[in-house]
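Engineer:
In mature numbering (1 follows the signal peptide of the UniProt record, and there is no 0), the protein residues as written are -20 to -1, 1 to 301.
As structure tokens, then:
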């Protein structure tokens, strides 16, 4: 992602590997500013060859103000992987800024041309203090170096990069929609089977795909988008394991949950299903994973593609004025 924050430090898995054939591929070089590097150029046969010494002032790499689209990973001195952009499913975009110190990562980017791959060793102390602007984490030793593996795909102006970023985002959204539609069909079969097993009479289905069973019809106003609603709920998996309950939540003084309906403040399944209810209603909601938390794991109790059951009571509907 194109960001002024430069470089992020999430802990992920994976590593960028460089294929090499030249006898000098293992040799590192050092610039006058103290940046240790080796840069690989891809040949016509697909193999990578160490370019040898590269004078930063003569480089055809990125310039200040340009944006580098790349895949990047880096490790600490103990060879533990700290970050790999490939696990995110798309390259990252980093604007090239004035070097924050001698031997900085910004200088590394200026040495890479599109298609090049590079390995760079950067002072961890300087990187965190002057580039990240944050304390060094305990898993990185003071005085050590971080090793960066970078594959430069494109070097562009900021305007060109923003256009490409939008295209990548749109493609990601399309792929996510395709996955969600497939998963919705899988979840629908499971929910229908669950309804049969639990003998849930009078189950209804919203247009988006949430099943709901009204166990007590309310007599108050119908909930609609824009209303402030107050809800007590108990959340369980289909296997019956309870995850949380508003009636047993000391952090919230066991109070019901209040939110504005239809504004994206809650999962899509809630925004949809609660609009089918009147104030005072009690209902069971069976929410397929694409309308809940999707294919993202949210801790050990919420694996990816979790179908969720909510037993709710719509306590109050405050209509818009």
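No residue lacks a Cβ here, since even glycine has one placed at the ideal position from N, Cα and C.
If you check the beta carbons only, do residue 303 and residue 257 fall under 7 Å apart?
Structural biologist: One cannot answer for residue 303 here, as it falls past the ends of the chain, which runs -20 to 301.
Engineer: Taking only the alpha-carbon atoms, compute the straight-line gap between residue 209 and residue 92 and give it to the nearest angstrom.
Structural biologist: Their Cα atoms are separated by approximately 55 Å.
Engineer: Between residue 10 and the rest of its own chain, which residues show a CB-CB distance below 8 Å, the 5 nearest in sequence each way excluded?
Structural biologist: Correct list, in chain order: 16, 17.
Engineer: According to DSSP, what are the bridge partners of residue 239?
Structural biologist: For residue 239, which the question treats as bridged, DSSP gives the partners 209.
Engineer: So is residue 1 buried or exposed if we call it buried at 16+ other beta carbons inside 10 Å?
Structural biologist: Reliability fails at residue 1, whose pLDDT of 43 lies under 50, so the model's placement of it is uncertain and no value is given.
Engineer: What would DSSP say about residue 283, mapped onto helix, strand or coil?
Structural biologist: DSSP places residue 283 in coil when its eight states are reduced to three.
Engineer: Which residues does DSSP pair with residue 47 in a beta bridge?
Structural biologist: Note: residue 47 sits in a beta bridge opposite 75, 136.
Engineer: Compute the Euclidean distance between the alpha carbons of residue 30 and residue 87, then round it to the nearest angstrom.
Structural biologist: Each residue's Cα considered, the two are about 18 Å apart.
Engineer: Check whether the region 274 to 285 and the region 239 to 246 touch, using three or more Cβ-Cβ pairs below 8 Å as the test.
Structural biologist: With the cut-off at 8 Å, the region 274 to 285 and the region 239 to 246 do not touch.
Engineer: So which of 132, 12, 220 has the shortest CA-CA distance to residue 35?
Structural biologist: The option with the nearest alpha carbon to residue 35 is 12.
Engineer: Just mark residue 230 as buried or exposed, buried being the case when its beta carbon has 16 or more other beta carbons within 10 Å.
Structural biologist: The residue in question, residue 230, is exposed, as its Cβ has fewer than 16 Cβ neighbours within 10 Å.
Engineer: Excluding the 5 residues preceding and the 5 following residue 79 in the sequence, name in chain order all residues of the same chain whose CB lies nearer than 7 Å to its CB.
Structural biologist: Excluding residues within five positions, the ones whose Cβ falls inside 7 Å are 86, 87.
Engineer: Return helix, strand or coil for residue 262, following the three-state DSSP convention.
Structural biologist: Residue 262: strand per DSSP, three-state reduction.
Engineer: Taking residue 29 as part of the beta strand (DSSP E), name the residues at either end of that continuous run.
Structural biologist: Taken as a continuous stretch (DSSP letters only), the beta strand (DSSP E) holding residue 29 covers 28 to 30.
Engineer: Give the C-beta separation of residue 259 and residue 200 to the nearest angstrom, bearing in mind that I take them to be a contact with Cβ-Cβ under 8 Å.
Structural biologist: With 8 Å as the limit, residue 259 and residue 200 qualify as a contact, their Cβ atoms being about 3 Å apart.
Engineer: Please say whether residue 269 and residue 152 have beta carbons closer to each other than 7 Å?
Structural biologist: Contact: no.
Engineer: Go to residue 245, then tell me how far its alpha helix (DSSP H) extends in each direction, as first and last residue.
Structural biologist: Taken as a continuous stretch (DSSP letters only), residue 245 belongs to no alpha helix (DSSP H), as it is neither H nor E.
Engineer: Would you kindly work out how many angstroms separate the C-alpha atoms of residue 3 and residue 155, rounded to a whole number?
Structural biologist: Caution is warranted here: a pLDDT of 46 is assigned to residue 3, below 50, making its placement in the model unreliable, and the coordinate value is therefore given only provisionally. Looking at the two C-alpha atoms, the distance is approximately 42 Å.
Engineer: If residue 55 sits next to residue 126, beta carbons under 8 Å apart, how far is it from one beta carbon to the other, in whole angstroms?
Structural biologist: With a Cβ gap of about 7 Å, residue 55 and residue 126 count as contacting.
Engineer: Going by beta-carbon coordinates alone, are residue 165 and residue 49 separated by less than 7 Å?
Structural biologist: No; because the gap between Cβ atoms is not below 7 Å, this pair is not in contact.
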